[in-house]
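Numbering (numbering that gives the first Met the number 0), first residue to last: 0 to 179. Note that the Cβ used here is the ideal one computed from N, Cα and C, for glycine as well. Just so you know, these numbers come straight off a predicted model, no measurement behind them. Written below as C-alpha coordinates is the structure these notes are about.
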Amino acid sequence: MKHIRNLYEQLGVDNYYKDYGNQYKNPHLAQIQELILRNATQLDYSAILDFCGGGGEVSLIIQQLGYDQITGSDPYTHQLYKKNLNQDCHTWSFDDVIKGKLIGNYSSIICSFAMHLCPEEKLYPLVIQLFQHSNNLIILTPHKRPILEQLNGVELRFVDYALTEKGKKVFLKHYTYRFN
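This is the structure we're talking about:
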(Lines of atoms letter the chains of each structure in order from A; the text may use other names.)
(Lines give C-alpha, C1' and ligand atoms only; values in the text may rest on other atoms or scores of the structure.)
Protein backbone atom coordinates (compact mmCIF):
# COMPACT_ATOMS: atom_id res chain seq x y z
CA MET A 0 0.00 0.00 0.00
CA LYS A 1 1.23 3.52 -0.81
CA HIS A 2 2.15 5.87 2.00
CA ILE A 3 -0.97 7.03 3.80
CA ARG A 4 -0.08 10.71 3.43
CA ASN A 5 0.11 10.38 -0.37
CA LEU A 6 -3.23 8.59 -0.46
CA TYR A 7 -4.81 11.22 1.82
CA GLU A 8 -3.67 13.90 -0.62
CA GLN A 9 -4.74 11.92 -3.68
CA LEU A 10 -8.11 10.63 -2.43
CA GLY A 11 -8.98 12.84 0.53
CA VAL A 12 -9.41 11.44 4.03
CA ASP A 13 -13.04 10.33 3.55
CA ASN A 14 -12.36 8.44 0.32
CA TYR A 15 -9.14 6.95 1.68
CA TYR A 16 -11.01 5.28 4.52
CA LYS A 17 -13.87 4.18 2.26
CA ASP A 18 -11.33 2.40 0.06
CA TYR A 19 -8.73 1.27 2.61
CA GLY A 20 -10.40 1.47 6.04
CA ASN A 21 -10.76 -2.28 6.54
CA GLN A 22 -7.05 -2.86 5.97
CA TYR A 23 -5.71 0.13 7.89
CA LYS A 24 -2.58 -0.45 9.97
CA ASN A 25 -0.79 2.34 11.75
CA PRO A 26 2.78 2.39 10.41
CA HIS A 27 4.09 3.67 13.75
CA LEU A 28 2.64 1.00 16.01
CA ALA A 29 6.01 0.28 17.66
CA GLN A 30 6.42 3.93 18.66
CA ILE A 31 2.82 4.17 19.88
CA GLN A 32 3.31 1.10 22.06
CA GLU A 33 6.60 2.42 23.41
CA LEU A 34 4.99 5.75 24.37
CA ILE A 35 1.90 4.22 25.99
CA LEU A 36 3.95 1.76 28.02
CA ARG A 37 6.64 4.25 29.02
CA ASN A 38 4.04 6.72 30.30
CA ALA A 39 1.71 4.23 31.99
CA THR A 40 2.55 5.49 35.48
CA GLN A 41 1.88 9.13 34.53
CA LEU A 42 -1.42 8.62 32.68
CA ASP A 43 -4.80 7.30 33.79
CA TYR A 44 -5.87 4.41 31.57
CA SER A 45 -8.57 3.13 33.95
CA ALA A 46 -11.52 4.11 31.69
CA ILE A 47 -10.43 5.34 28.27
CA LEU A 48 -12.08 6.49 25.09
CA ASP A 49 -9.96 5.44 22.13
CA PHE A 50 -11.19 8.28 19.88
CA CYS A 51 -10.45 7.86 16.17
CA GLY A 52 -9.24 4.44 17.27
CA GLY A 53 -8.40 2.95 13.87
CA GLY A 54 -8.18 -0.80 14.13
CA GLY A 55 -7.96 -0.64 17.93
CA GLU A 56 -4.19 -0.63 18.21
CA VAL A 57 -4.17 1.68 21.24
CA SER A 58 -7.02 -0.25 22.88
CA LEU A 59 -5.12 -3.53 22.49
CA ILE A 60 -2.02 -2.04 24.12
CA ILE A 61 -4.12 -0.69 27.01
CA GLN A 62 -5.76 -4.12 27.40
CA GLN A 63 -2.32 -5.73 27.62
CA LEU A 64 -1.64 -3.44 30.59
CA GLY A 65 -4.62 -5.04 32.34
CA TYR A 66 -7.27 -2.37 31.79
CA ASP A 67 -10.69 -3.38 30.52
CA GLN A 68 -12.84 -0.23 30.61
CA ILE A 69 -12.13 0.75 27.02
CA THR A 70 -14.55 2.42 24.63
CA GLY A 71 -13.66 2.72 20.98
CA SER A 72 -14.85 5.16 18.36
CA ASP A 73 -13.94 5.65 14.73
CA PRO A 74 -16.23 6.90 11.96
CA TYR A 75 -14.24 5.08 9.28
CA THR A 76 -12.71 1.93 10.76
CA HIS A 77 -15.29 0.95 13.38
CA GLN A 78 -15.82 -2.44 11.70
CA LEU A 79 -12.10 -3.20 11.78
CA TYR A 80 -11.96 -2.11 15.44
CA LYS A 81 -14.89 -4.40 16.26
CA LYS A 82 -13.25 -7.31 14.42
CA ASN A 83 -9.87 -6.83 16.14
CA LEU A 84 -11.22 -6.35 19.67
CA ASN A 85 -14.47 -8.31 19.50
CA GLN A 86 -16.32 -5.37 21.03
CA ASP A 87 -18.59 -2.65 19.72
CA CYS A 88 -17.14 0.58 18.44
CA HIS A 89 -18.94 3.91 18.21
CA THR A 90 -18.80 5.93 15.00
CA TRP A 91 -18.35 9.43 16.46
CA SER A 92 -16.61 11.82 14.08
CA PHE A 93 -15.09 15.23 14.81
CA ASP A 94 -18.39 16.83 13.72
CA ASP A 95 -20.44 14.45 15.89
CA VAL A 96 -18.42 15.40 18.95
CA ILE A 97 -18.67 19.11 18.14
CA LYS A 98 -22.46 18.69 17.90
CA GLY A 99 -22.53 17.16 21.39
CA LYS A 100 -23.18 13.54 20.40
CA LEU A 101 -20.32 12.06 22.47
CA ILE A 102 -21.59 10.22 25.55
CA GLY A 103 -19.87 8.92 28.67
CA ASN A 104 -17.14 10.09 30.99
CA TYR A 105 -13.59 8.80 30.77
CA SER A 106 -10.40 8.89 32.82
CA SER A 107 -8.58 9.77 29.58
CA ILE A 108 -9.41 10.29 25.94
CA ILE A 109 -6.67 9.06 23.63
CA CYS A 110 -6.60 10.25 20.04
CA SER A 111 -3.97 8.51 17.95
CA PHE A 112 -2.83 9.84 14.59
CA ALA A 113 -6.03 11.76 13.82
CA MET A 114 -6.28 15.12 15.59
CA HIS A 115 -3.78 16.72 13.19
CA LEU A 116 -6.37 16.05 10.44
CA CYS A 117 -9.01 18.21 12.14
CA PRO A 118 -9.62 21.48 10.25
CA GLU A 119 -8.21 24.43 12.21
CA GLU A 120 -11.60 26.13 12.59
CA LYS A 121 -13.07 23.00 14.23
CA LEU A 122 -10.20 22.28 16.60
CA TYR A 123 -11.28 24.49 19.53
CA PRO A 124 -14.94 23.36 19.62
CA LEU A 125 -13.80 19.73 19.27
CA VAL A 126 -11.30 19.98 22.11
CA ILE A 127 -13.76 21.79 24.40
CA GLN A 128 -16.35 19.05 23.81
CA LEU A 129 -13.77 16.32 24.51
CA PHE A 130 -12.86 18.01 27.79
CA GLN A 131 -16.54 17.88 28.80
CA HIS A 132 -16.05 14.08 29.01
CA SER A 133 -12.54 13.76 30.45
CA ASN A 134 -9.96 15.77 32.36
CA ASN A 135 -7.16 14.19 30.31
CA LEU A 136 -6.61 14.37 26.57
CA ILE A 137 -3.72 12.31 25.20
CA ILE A 138 -2.67 12.99 21.62
CA LEU A 139 -0.40 10.65 19.68
CA THR A 140 0.81 12.33 16.51
CA PRO A 141 3.53 12.10 13.87
CA HIS A 142 3.61 15.93 13.81
CA LYS A 143 4.02 18.75 16.25
CA ARG A 144 0.39 19.49 15.31
CA PRO A 145 -2.00 19.97 16.80
CA ILE A 146 -0.65 22.58 19.17
CA LEU A 147 -3.57 22.57 21.58
CA GLU A 148 -1.79 24.57 24.28
CA GLN A 149 -2.43 27.66 22.13
CA LEU A 150 -6.17 27.21 22.78
CA ASN A 151 -7.60 29.20 25.68
CA GLY A 152 -7.71 27.12 28.87
CA VAL A 153 -5.78 24.12 27.50
CA GLU A 154 -2.61 23.19 29.38
CA LEU A 155 0.14 20.95 28.06
CA ARG A 156 1.16 18.73 30.99
CA PHE A 157 4.03 16.97 29.23
CA VAL A 158 5.36 15.77 25.89
CA ASP A 159 7.23 12.57 25.16
CA TYR A 160 8.43 11.13 21.88
CA ALA A 161 9.75 7.96 20.33
CA LEU A 162 11.92 7.77 17.24
CA THR A 163 11.04 5.84 14.10
CA GLU A 164 13.66 3.79 12.26
CA LYS A 165 14.24 6.85 10.06
CA GLY A 166 14.81 9.06 13.11
CA LYS A 167 11.48 10.91 12.91
CA LYS A 168 9.63 11.73 16.12
CA VAL A 169 6.25 10.34 17.09
CA PHE A 170 4.83 12.47 19.90
CA LEU A 171 2.65 11.75 22.91
CA LYS A 172 1.14 14.96 24.33
CA HIS A 173 -0.85 15.03 27.56
CA TYR A 174 -3.30 17.92 27.95
CA THR A 175 -5.66 19.10 30.66
CA TYR A 176 -8.17 21.95 30.66
CA ARG A 177 -8.79 24.81 33.10
CA PHE A 178 -12.46 25.65 33.08
CA ASN A 179 -12.83 29.39 33.72
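Which residue's Cα is closest to the Cα of residue i: the options?
i	options	result
Y123	R37, G52, P141, Y176	Y176
S107	N151, G53, A29, L42	L42
N85	H77, W91, S92	H77
F178	C51, N135, T40	N135
Y105	T40, S72, E33	S72
L150	H142, K168, V169, L125	L125
G166	F157, P141, G52	P141
K100	D87, S111, Q131, E119	Q131
K81	G65, L59, D95	L59
Taking the CB atoms as reference points, tell me whether residue i and residue j lie closer together than 8 angstroms.
i	j	result
I137	L171	yes
I31	I47	no
K121	I97	yes
V169	L139	yes
For residue i, count neighbouring C-beta atoms within 10 Å of its own C-beta (all shown protein chains included) and say buried if the count is 16 or more, exposed if not.
i	result
I109	buried
E164	exposed
K1	Bear in mind that a pLDDT of 48 at K1, under 50, signals an unreliable position, so the number given afterwards is only what the model happens to contain. With fewer than 16 other Cβ atoms within 10 Å, it is exposed.
A161	buried
N54	First, the residue type needs correcting, since residue 54 is Gly and not Asn in the sequence shown. The residue is buried, with at least 16 neighbouring Cβ atoms inside 10 Å.
S45	exposed
Grab me the residues of residue i's own chain with a C-beta within less than 8 angstroms of its C-beta, minus the 5 sequence neighbours each way, in chain order.
i	result
L155	L147, E148, K172, H173, Y174
S92	P74
S133	L48, N104, Y105, S106, S107, I108
With residue i and residue j assumed to form a contact (beta carbons below 8 angstroms), what rounded beta-carbon distance in angstroms separates them?
i	j	result
E56	L28	6 angstroms
Using a Cβ-Cβ cutoff of less than 6 angstroms, which residues in the same chain neighbour residue i once the five nearest sequence positions on both sides are dropped?
i	result
H89	S72
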